[in-house]
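**Q**
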Amino acid sequence: VLDNDGPAIDWDSMIFSYQKTDRMYIAHCKQDGDWGPGVMQDFQDLSMSPAAGVLNYGQGLFEGLKAQRATDGSIVLFRPERNASRMQDGAKRLGIP
Numbered sequence: 001v002l003d004n005d006g007p008a009i010d011w012d013s014m015i016f017s018y019q020k021t022d023r024m025y026i027a028h029c030k031q032d033g034d035w036g037p038g039v040m041q042d043f044q045d046l047s048m049s050p051a052a053g054v055l056n057y058g059q060g061l062f063e064g065l066k067a068q069r070a071t072d073g074s075i076v077l078f079r080p081e082r083n084a085s086r087m088q089d090g091a092k093r094l095g096i097p
């Protein structure tokens, strides 16, 4: 899905905020909880059903997770355990299982 033909990313100047991009990755979660194969595509608006629970019940939860490329070329995550803990706390407050 991803290739290395694009320009190099300056990870050190990456901020923890919205980063404008011309591409996006879309994947769908199946009803059994497994993720289907995703696809990289041009950046575009997302569509949402009027029946989406986030609209009708005001439920929504976001917790950002930052990843960086290490000097050895691997991808490392910044404190993923704390990220997951914050996500669990937020879900508990919203009554989301």
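Residues 1 to 97 in full-length UniProt numbering are what the sequence shown lists, from first letter to last.
Here a beta-carbon is modelled for each residue, glycine too, at the ideal position from N, C-alpha and C.
Computed from a prediction, not measured in an experiment: that's the story for all the values here.
Can you give me the C-alpha to C-alpha distance between L94 and S85, rounded to a whole angstrom?
**A** Spanning the two alpha carbons is a distance of roughly 14 Å.
**Q** Under three-state DSSP, which class holds A91?
**A** Helix at A91.
**Q** Grab me the residues of I96's own chain with a C-beta within less than 7 Å of its C-beta, minus the 5 sequence neighbours each way, in chain order.
**A** For I96, where only same-chain residues beyond five positions count, the Cβ hits under 7 Å are Q59 and L61.
**Q** At a cut-off of 7 Å, is A52 close to the ligand ATP when judged by its beta-carbon and the heavy atoms of the ligand?
**A** You won't find the ligand ATP in this model; it holds no ligand whatsoever.
**Q** May I ask which residues mark the beginning and end of the beta strand (DSSP E) holding L77?
**A** Start and end: I75 to L77.
**Q** Helix, strand or coil: how does DSSP classify A67 here?
**A** Note: A67 maps to strand in three-state DSSP.
**Q** For D89, which residues in the same chain have their Cβ closer than 8 Å to its Cβ, ignoring the five residues on either side in sequence?
**A** Contacts found: none.
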